[in-house]
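Be aware that the sequence shown starts at 2, since it is given in this note's numbering, and climbs by one per residue.
Written out below as structure tokens is the structure these notes cover.
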Amino acid sequence: MKRVVTIDGPAGAGKSTVARKLADRLGWRLLDTGAMYRAVTLAALRDRLDLQNDQALGELAAKLDVQLPEGRVLLNGEDVSEAIRTVEVTQATRFSADSPSVRRRLVDWQRHFVESFREVVTEGRDQGTIVFPDAYRKFYLTASHDERARRRHAEFVARGVAISLETVLKDVIERDAHDSAREIAPMKAADDARRIDSTGLDLDEVVRLIEREILEPTG
Ligand code: DC
Numbered sequence: 002m003k004r005v006v007t008i009d010g011p012a013g014a015g016k017s018t019v020a021r022k023l024a025d026r027l028g029w030r031l032l033d034t035g036a037m038y039r040a041v042t043l044a045a046l047r048d049r050l051d052l053q054n055d056q057a058l059g060e061l062a063a064k065l066d067v068q069l070p071e072g073r074v075l076l077n078g079e080d081v082s083e084a085i086r087t088v089e090v091t092q093a094t095r096f097s098a099d100s101p102s103v104r105r106r107l108v109d110w111q112r113h114f115v116e117s118f119r120e121v122v123t124e125g126r127d128q129g130t131i132v133f134p135d136a137y138r139k140f141y142l143t144a145s146h147d148e149r150a151r152r153r154h155a156e157f158v159a160r161g162v163a164i165s166l167e168t169v170l171k172d173v174i175e176r177d178a179h180d181s182a183r184e185i186a187p188m189k190a191a192d193d194a195r196r197i198d199s200t201g202l203d204l205d206e207v208v209r210l211i212e213r214e215i216l217e218p219t220g
């Protein structure tokens, strides 16, 4: 049986960690859709494109080759797994995320990716609402602003990036407001998504909770 599990939610809610661990435990394929928006943005920054130009961004996205082999991100064959996680790319990615042309292109890529695998855990902002409305199970993961900022900050520190917790918190709050207010594919839970607030929870607990729901027989 084909099974797609969607995990949506804001930055720092633990989606990436939870989705990766869940996919590992289940032996399913992982689709990190944020990495796709980041890869398009990296290419646009390198080409010095006007990030507000939807058409230019869409044309660029159409000719890029973005591959997601297990645990890595390849842009035209180059491993950009690290390069797409800089503060600069993180902040500029909202332009790709706001671009209708880029979104159309990436939604096609995402559906195509899922066609190639039987069982997929996909994470993003619009997976349960727009991209896979008929997903087998949908989850929407949230956490308080403070907790999410702490997690994001720890990730930056672990990668040796010097950035203050206050700056990360401000960015988390701004990005939420922006992502939720976006006209196209706003960040929101699908009506049939199970909401999980991970504030104060160990992410392994969240993984086990989701795993139980997925494996439990339906109907
Ligand atoms: O999850 P992330 O931080 O890697 O996502 C990077 C950016 O891409 C973030 O600004 C939200 C956006 N995004 C999106 O608009 N839709 C998705 N399906 C995934 C990410």
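Note that CB positions come from ideal geometry on N, CA and C, so glycine has one too.
On a predicted model such as this, the values are computed, not experimentally measured, just so you know.
Residue environment, residue i, which counts as buried when at least 16 other CB atoms sit within 10 Å
| i | result |
| --- | --- |
| Gly15 | buried |
| Thr130 | buried |
| Ser181 | exposed |
| Arg126 | buried |
| Asp135 | exposed |
| Thr200 | exposed |
| Gln92 | exposed |
Contact test: residue i Cβ vs the ligand DC heavy atom, cutoff 8 Å
| i | result |
| --- | --- |
| Arg39 | yes |
| Met188 | yes |
| Thr87 | no |
| Lys64 | no |
| Asp33 | yes |
| Ala155 | no |
| Lys3 | no |
| Ala98 | yes |
| Thr94 | yes |
| Gly15 | no |
| Thr143 | no |
| Arg195 | no |
| Val132 | yes |
| Gly125 | yes |
Residue i and residue j closer than 9 Å at C-beta
| i | j | result |
| --- | --- | --- |
| Asp33 | Val5 | no |
| Ile8 | Val122 | yes |
| Ser97 | Arg39 | yes |
| Glu89 | Gly35 | no |
| Ala190 | Gly78 | no |
| Phe133 | Arg112 | yes |
| Val19 | Val207 | yes |
| Ile197 | Thr143 | yes |
| Lys3 | Tyr141 | no |
| Arg47 | Asp99 | no |
Three or more beta-carbon pairs under 8 Å between the region 136-156 and the region 61-68, yes or no?
no
Within 8 Å, do at least three Cβ pairs link the region 162-177 to the region 45-65?
no
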